[in-house]
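Have a look at the structure below, then the notes.
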Amino acid sequence: MVWAWYMDDSCEDQRKPHRLQPEQPVTLEQLRALGVHSYTLDADNYETDPALAKIRKENNYTWMDIINIHKDTLPNYEEKLKIFYEEHLHLDDEIRYILEGSGYFDVRGKDERWIRISMQKGDLITLPAGIYHRFTLDENEQDVPELLPVLSGSAVHCSAFG
């Protein structure tokens, strides 16, 4: 299950939680109001998971691939991490499913404040077209995040993960 909160303005290591003090949690309802939806699925059986198949069918998500974010497997690893953390948006929805490991998606709220969404194995998130966002590994970097981007349309619309 994803957890979300408003972020502090610290420029400290992006992999840290960056929680405000006192904390300001963000509810799933607040995320949904932004068009951000989350699901917890069976990552070990994603190829045959009926819940994932249903989400893909209902939303016409027809294309997917797997991105393994690890310094030993991702070409230009450090450069890619910087690209992933640059604020950007897409013209299409972005869907990410964590098959292994953990990380953070940050999204801009309607008030322009950053909301940090903590994701781990089994979490799937959909970000609506036009929402500013970025991704970073968390402090558990030794747990290699393996992301399954599930996109609508062709690979032309994939983000920096592709």
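So the sequence shown is numbered by the numbering used here: it starts at 1414 and just counts up by one.
We put the CB at the ideal spot given by N, CA and C, even for glycine.
Because the structure is a prediction, the values reported are computed rather than measured.
Which residues in the same chain as residue i place their Cβ atom closer than 7 Å to its Cβ, once the five residues preceding and following it in sequence are excluded?
i            : result
residue 1439 : 1417, 1418, 1419 and 1528
residue 1457 : none
residue 1569 : Only weak support exists for where residue 1569 lies, its pLDDT of 29 falling under 50; the coordinates are left without a value.
Would you say residue i and residue j are within 8 Å of each other, going by their C-beta atoms?
i            : j            : result
residue 1474 : residue 1537 : no
residue 1516 : residue 1534 : no
residue 1540 : residue 1520 : yes
Where do the ends of the beta strand (DSSP E) carrying residue i lie?
i            : result
residue 1443 : From DSSP, residue 1443 is part of no beta strand (DSSP E) but of the alpha helix (DSSP H) over 1441-1446.
residue 1496 : Run containing residue 1496: none in the beta strand (DSSP E); it sits in the alpha helix (DSSP H), 1490-1498.
residue 1401 : This structure cannot settle anything about residue 1401, because the visible part of the chain is limited to 1414 through 1575.
residue 1417 : 1416-1419
residue 1479 : Looking at the DSSP string, residue 1479 is not in any beta strand (DSSP E), and its letter there is neither H nor E.
residue 1544 : Premise fails: residue 1544 is in no beta strand (DSSP E) and is neither H nor E.
residue 1533 : 1527-1533
residue 1450 : 1450-1453
If I'm right that residue i touches residue j with Cβ under 8 Å, what's the distance once you round it to whole angstroms?
i            : j            : result
residue 1546 : residue 1502 : 7 Å
residue 1552 : residue 1429 : 6 Å
residue 1523 : residue 1447 : 7 Å
residue 1415 : residue 1530 : 5 Å
residue 1490 : residue 1548 : In fact, because the Cβ distance is near 14 Å, the residues do not count as touching under 8 Å.
Apart from the five residues just before and just after residue i, which ones in its own chain have a Cβ nearer than 8 Å to its Cβ?
i            : result
residue 1437 : 1418 and 1419
residue 1459 : 1465, 1510, 1512 and 1561
Along the alpha helix (DSSP H) that carries residue i, what are the first and last residues, could you check?
i            : result
residue 1474 : Looking at the DSSP string, residue 1474 is not in any alpha helix (DSSP H), and its letter there is neither H nor E.
Which residues in the same chain as residue i place their Cβ atom closer than 6 Å to its Cβ, once the five residues preceding and following it in sequence are excluded?
i            : result
residue 1493 : 1487
residue 1504 : 1542
residue 1566 : Note that residue 1566 scores 41 on pLDDT, short of 50, meaning its location in the model is unreliable; the coordinates nonetheless yield the value given after this. Closer than 6 Å at the Cβ level, and outside the excluded window around residue 1566, lies no residue.
residue 1432 : 1418
- When the Cβ atoms of the segment 1427-1442 are set against those of the segment 1464-1471, are three or more pairs found closer than 8 Å? Short answer: they don't touch.
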